[in-house]
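Student: Just passing along the structure, written as structure tokens.
There are 2 protein chains.
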Amino acid sequence: MKFCSNCGSTVELRIPAGDSLPRHTCASCGSIHYLNPKIIVGAIPEWEGRVLLCRRAIEPRHGFWTLPAGFMENAETTAQAAARETLEEACARIEVGDMFTLINVPHISQVHIVYRARLLDLDFRPGEESLDVALFAEDEIPWDEIAFRTIALTLRRYFDDRRLGAFDFQVEDLTPPPPAELA
Amino acid sequence: MKFCSNCGSTVELRIPAGDSLPRHTCASCGSIHYLNPKIIVGAIPEWEGRVLLCRRAIEPRHGFWTLPAGFMENAETTAQAAARETLEEACARIEVGDMFTLINVPHISQVHIVYRARLLDLDFRPGEESLDVALFAEDEIPWDEIAFRTIALTLRRYFDDRRLGAFDFQVEDLTPPPPAELA
Chain W
213 MKFCSNCGST VELRIPAGDS LPRHTCASCG SIHYLNPKII VGAIPEWEGR
263 VLLCRRAIEP RHGFWTLPAG FMENAETTAQ AAARETLEEA CARIEVGDMF
313 TLINVPHISQ VHIVYRARLL DLDFRPGEES LDVALFAEDE IPWDEIAFRT
363 IALTLRRYFD DRRLGAFDFQ VEDLTPPPPA ELA
Chain L
213 MKFCSNCGST VELRIPAGDS LPRHTCASCG SIHYLNPKII VGAIPEWEGR
263 VLLCRRAIEP RHGFWTLPAG FMENAETTAQ AAARETLEEA CARIEVGDMF
313 TLINVPHISQ VHIVYRARLL DLDFRPGEES LDVALFAEDE IPWDEIAFRT
363 IALTLRRYFD DRRLGAFDFQ VEDLTPPPPA ELA
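Here the protein sequences come in this chain order: W and L. Counting along the first sequence from 1, when you hit position 33 you're at 245 in our numbering, and nothing is skipped either side. Counting along the second sequence from 1, when you hit position 90 you're at 302 in our numbering, and nothing is skipped either side.
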């Protein structure tokens with residue numbers, strides 16, 4: 213951030229009165245521009261024991277598989293975001309179930325939330341951001357081609373809990389990945 | 213948002229290629245400025261059956277009582293945010309427990325998350341944003357003077373669950389309040 217989005221003047225990083233962290237501050241109009249974590253919401257669409265994955269048509273991780281998920285928008289709920297992302301990326305309709313994982317990814321200032329969901333029909337197809345969409349049984353999951361660590365972690369927890377016969381909401385924190393690997 | 217924070221030119225609202233919603237877009241440098249929901253994180257600090265509340269020294273809801281809570285910062289986890297806000301607003305140290313409520317407030321594009329927590333000692337006092345800090349038993353809670361609906365809802369669920377002898381993570385959505393009342 214270099215310019216004030218309110219008045220167009222240059223901003224500087226300084227600690228406002230009563231605050232403890234440097235903020236992008238405008239000396240001209242006084243605006244303080246806070247940067248806050250973003251929420252990514254997704255779903256595990258289930259159909260007769262299989263789960264729906266999307267193969268990414270965009271960067272990062274072009275060509276890798278993921279659950280339908282994306283940035284939560286203003287004026288929607290987390291469950292609405294899960295349903296919207298599933299419709300956009302897989303053209304699939306779901307009934308959103310319980311929240312299943314909430315994973316902090318502090319090194320990229322994101323919080324990833326994934327819901328369990330029931331796929332309502334088999335009329336799915338790739339949306340604009342997907343190359344392919346398909347249902348996978350547990351032993352068919354392409355573990356080496358999963359796009360993001362939060363998605364792989366969520367899928368592992370999902371199959372673990374399914375074996376135990378009870379799904380439990382889980383909160384996790386991810387530490388930075390080894391160099392040369394994406395979050 | 214009127215100006216591009218990257219180059220200082222004026223921005224316009226238009227739907228980018230491949231998108232479905234209008235975004236603040238810069239015709240000069242091509243930056244797209246997304247606005248996303250913000251996360252508020254708080255804690256229910258518990259001490260021998262009583263909970264710690266703070267009386268607000270700032271607007272909105274100056275003079276009303278609330279749980280320690282505030283905007284999550286970049287580069288921290290939700291649990292770290294709960295501990296930091298409790299330290300800032302009540303100068304109190306807690307051991308953060310399980311996530312207890314996640315409440316969507318879509319009409320103000322916020323997600324409120326509250327953790328259960330164990331107050332570690334009685335050495336608390338008002339921080340800069342609080343007029344007063346005190347412990348309340350259930351029958352002492354000033355229900356008519358609670359600052360925010362998400363906090364009142366969380367406290368009611370907390371005492372309900374405590375009576376049942378088991379705390380369950382709960383996801384809720386709040387609809388807009390009646391006119392003349394704050395969210």
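We put the beta carbon where it would ideally sit given N, CA and C, even for glycine.
1. Ordered along the chain, which non-local residues of its own chain (more than five positions away) have a Cβ less than 6 Å from that of residue 270 (chain L)?
2. Measure the C-alpha to C-alpha separation of residue 217 (chain L) and residue 298 (chain W) and round it to an integer number of angstroms.
3. For residue 367 (chain L), report the span of its alpha helix (DSSP H) as first-last.
4. Could you work out which residue in L:378, L:377, L:384 and L:354 is closest to residue 366 (chain L) when comparing CA atoms only?
5. Would residue 217 (chain W) pass as an interface residue toward chain C - the criterion being a Cβ-Cβ separation below 8 Å?
6. Taking the straight line between their C-alpha atoms, what separation do you get for residue 280 (chain L) and residue 357 (chain W)?
7. For residue 237 (chain W), report the span of its beta strand (DSSP E) as first-last.
8. Could you confirm whether any beta carbon from chain W is found closer than 8 Å to the beta carbon of residue 321 (chain L)?
9. Mind listing which residues of the stretch 239 to 256 of chain W have their C-beta closer than 9 Å to chain L's C-betas, in chain order?
10. Would you check if the distance between the CB atom of residue 265 (chain L) and the CB atom of residue 305 (chain L) is smaller than 8 Å?
11. Which two residues bound the contiguous beta strand (DSSP E) that contains residue 313 (chain W)?
12. Closest Cβ-Cβ distance between residue 373 (chain L) and chain W: below 8 Å?
13. In terms of residue numbering, what span does the alpha helix (DSSP H) encompassing residue 295 (chain W) cover?
14. Looking at chain L, which residues of the stretch 328 to 357 of chain W have a Cβ within less than 7 Å of any of its Cβ atoms?
15. Pull up the DSSP beta-bridge partners for residue 385 (chain W), would you.
16. Taking buried to mean at least 16 other C-beta atoms within 10 Å of its own C-beta, is residue 261 (chain L) buried or exposed?
17. Looking at the C-beta of residue 326 (chain W), does it have a partner C-beta in chain L at a distance below 8 Å?
18. Can you tell me whether residue 236 (chain W) is buried or exposed? The criterion is at least 16 other CB atoms within 10 Å of its CB, across all chains shown.
19. Between L:375, L:378 and L:335, which lies nearest to residue 257 (chain L) when the distance is taken from Cα to Cα?
20. What separation, rounded to the nearest whole angstrom, lies between the Cα atoms of residue 231 (chain L) and residue 359 (chain L)?
21. Verify the CB distance criterion: does residue 360 (chain W) have a CB-CB separation below 8 Å to chain L?
22. By the DSSP assignment, the beta strand (DSSP E) with residue 224 (chain W) in it spans what residues?
23. Just checking: is the beta-carbon of residue 283 (chain W) within a distance shorter than 8 Å of some beta-carbon in chain L?
24. For residue 289 (chain L), return the contacting residues in chain W, with the cut-off set at a CB-CB distance below 7 Å.
25. What residues are listed by DSSP as bridge partners for residue 279 (chain W)?
26. Going along the chain, which residues of its own chain have a beta-carbon closer than 6 Å to the beta-carbon of residue 301 (chain L), five neighbours each way excluded?
27. Checking the sheet assignment: what are the DSSP bridge partners for residue 334 (chain L)?
28. With a cut-off of 8 Å, does the C-beta of residue 381 (chain L) fall near any C-beta of chain W?
29. Can you give the Cα-Cα distance for residue 310 (chain L) and residue 328 (chain L), rounded to whole angstroms?
30. Roughly how many angstroms lie between the CA atoms of residue 345 (chain W) and residue 374 (chain L), to the nearest whole one?
31. Would you say residue 261 (chain W) lies against chain L (beta-carbon separation less than 8 Å)?
32. When the cut-off is 8 Å and only beta carbons count, does residue 230 (chain W) lie next to chain L?
33. State the Cα-Cα distance for the pair residue 457 (chain L) and residue 325 (chain L), rounded to the nearest angstrom.
34. From what residue to what residue does the beta strand (DSSP E) around residue 250 (chain W) run?
35. Taking Cβ-Cβ distances shorter than 9 Å, what residues in chain W pair up with residue 220 (chain L)?
Tutor: With the given structure in hand:
1. In the second sequence, counting from the first residue as 1, residue 270 (chain L) sits at position 58. So the list reads 341, once near-sequence residues are dropped.
2. Working through the second sequence from its first residue, we reach residue 217 (chain L) at position 5. Working through the first sequence from its first residue, we reach residue 298 (chain W) at position 86. In a straight line, the C-alpha of residue 217 (chain L) is about 31 Å away from that of residue 298 (chain W).
3. Stepping through the second sequence from its first residue, residue 367 (chain L) is reached at position 155. Looking at the DSSP string, the run of the alpha helix (DSSP H) that includes residue 367 (chain L) is 361 to 376.
4. Numbered from 1 along the second sequence, position 154 holds the residue referred to as residue 366 (chain L). Nearest of L:378, L:377, L:384 and L:354 to residue 366 (chain L), Cα basis: L:384.
5. In the displayed structure, chain C is absent; the protein chains listed are W and L.
6. Residue mapping note: residue 280 (chain L) aligns to position 68 of the second sequence, counting from 1. Residue mapping note: residue 357 (chain W) aligns to position 145 of the first sequence, counting from 1. So the alpha carbons of these two residues sit roughly 42 Å apart.
7. The count along the first sequence starts at 1 and reaches residue 237 (chain W) at position 25. Residues 235 to 238.
8. Position 109 of the second sequence, counted from the first residue, corresponds to residue 321 (chain L). It does: the Cβ of residue 321 (chain L) has a partner Cβ on chain W nearer than 8 Å.
9. 245, 246, 247, 248, 249, 250 and 251
10. To locate residue 265 (chain L), count along the second sequence from 1; it is residue 53. To locate residue 305 (chain L), count along the second sequence from 1; it is residue 93. No, the pair does not count as a contact, with Cβ atoms beyond the cut-off.
11. Looking up residue 313 (chain W) in the first sequence gives position 101. Where residue 313 (chain W) is concerned, the enclosing beta strand (DSSP E) stretches over 306 to 317.
12. In the second sequence, residue 373 (chain L) corresponds to position 161, counting from 1. Against chain W, the CB of residue 373 (chain L) has no partner CB under 8 Å away; the residue lies outside that interface.
13. In the first sequence, residue 295 (chain W) corresponds to position 83, counting from 1. 290 to 302 is the span of the alpha helix (DSSP H), which, as asked, contains residue 295 (chain W).
14. 340
15. On the first sequence, position 173 is the one that residue 385 (chain W) refers to. Answer is W:316, bridged to residue 385 (chain W).
16. Here residue 261 (chain L) corresponds to residue number 49 of the second sequence, with the count starting at 1. Exposed.
17. Start at 1 with the first residue of the first sequence, and residue 326 (chain W) comes out as number 114. Residue 326 (chain W) does not count as touching chain L.
18. Numbered from its first residue, the first sequence carries residue 236 (chain W) at position 24. Under this definition residue 236 (chain W) is a buried residue.
19. Here residue 257 (chain L) refers to the residue found at position 45 when the second sequence is read from its first residue. Comparing Cα positions, the closest option is L:335.
20. Position 19 of the second sequence, counted from the first residue, corresponds to residue 231 (chain L). Position 147 of the second sequence, counted from the first residue, corresponds to residue 359 (chain L). C-alpha separation (whole angstroms): 38 Å.
21. Residue 360 (chain W) sits at position 148 when you count from the first residue of the first sequence. So no, residue 360 (chain W) is outside the interface.
22. Position 12 of the first sequence, counted from the first residue, corresponds to residue 224 (chain W). Run containing residue 224 (chain W): 223 to 226, per the beta strand (DSSP E) assignment.
23. On the first sequence, residue 283 (chain W) is found 71 positions in, with the first residue counted as 1. True, the Cβ-Cβ gap to chain L drops below 8 Å.
24. Here residue 289 (chain L) refers to the residue found at position 77 when the second sequence is read from its first residue. The contact set of residue 289 (chain L) on chain W, defined by CB atoms closer than 7 Å, consists of 316, 318 and 385 in chain order.
25. Within the first sequence, the letter at position 67 stands for residue 279 (chain W). BP columns for residue 279 (chain W) are empty, so no partner.
26. Along the second sequence, one-based indexing puts residue 301 (chain L) at 89. Excluding positions up to five away in sequence, the list reads 266, 280, 339, 341 and 342.
27. Against the second sequence, residue 334 (chain L) aligns to sequence position 122. Note: residue 334 (chain L) sits in no beta bridge, so no partner.
28. Taking the second sequence and counting its residues from 1, one reaches residue 381 (chain L) at position 169. Output row for residue 381 (chain L): interface = yes.
29. Along the second sequence, read from residue 1 onward, the residue named residue 310 (chain L) stands at position 98. Along the second sequence, read from residue 1 onward, the residue named residue 328 (chain L) stands at position 116. Distance between the alpha carbons of residue 310 (chain L) and residue 328 (chain L): 6 Å.
30. One-based indexing of the first sequence puts residue 345 (chain W) at position 133. One-based indexing of the second sequence puts residue 374 (chain L) at position 162. So the two alpha carbons sit approximately 44 Å from each other.
31. Position 49 of the first sequence, counted from the first residue, corresponds to residue 261 (chain W). No, its Cβ sits nowhere closer than 8 Å to a Cβ of chain L.
32. The residue given as residue 230 (chain W) occupies position 18 in the first sequence. So yes, residue 230 (chain W) belongs to the interface.
33. In the structure displayed, chain L extends from 213 to 395; residue 457 (chain L) sits before or after that span and is not available.
34. Your numbering for residue 250 (chain W) matches position 38 in the first sequence. Residue 250 (chain W) -> beta strand (DSSP E) spans 250 to 259.
35. Here residue 220 (chain L) corresponds to residue number 8 of the second sequence, with the count starting at 1. By Cβ distance, chain W contributes 214, 215, 216, 220, 221 and 222.
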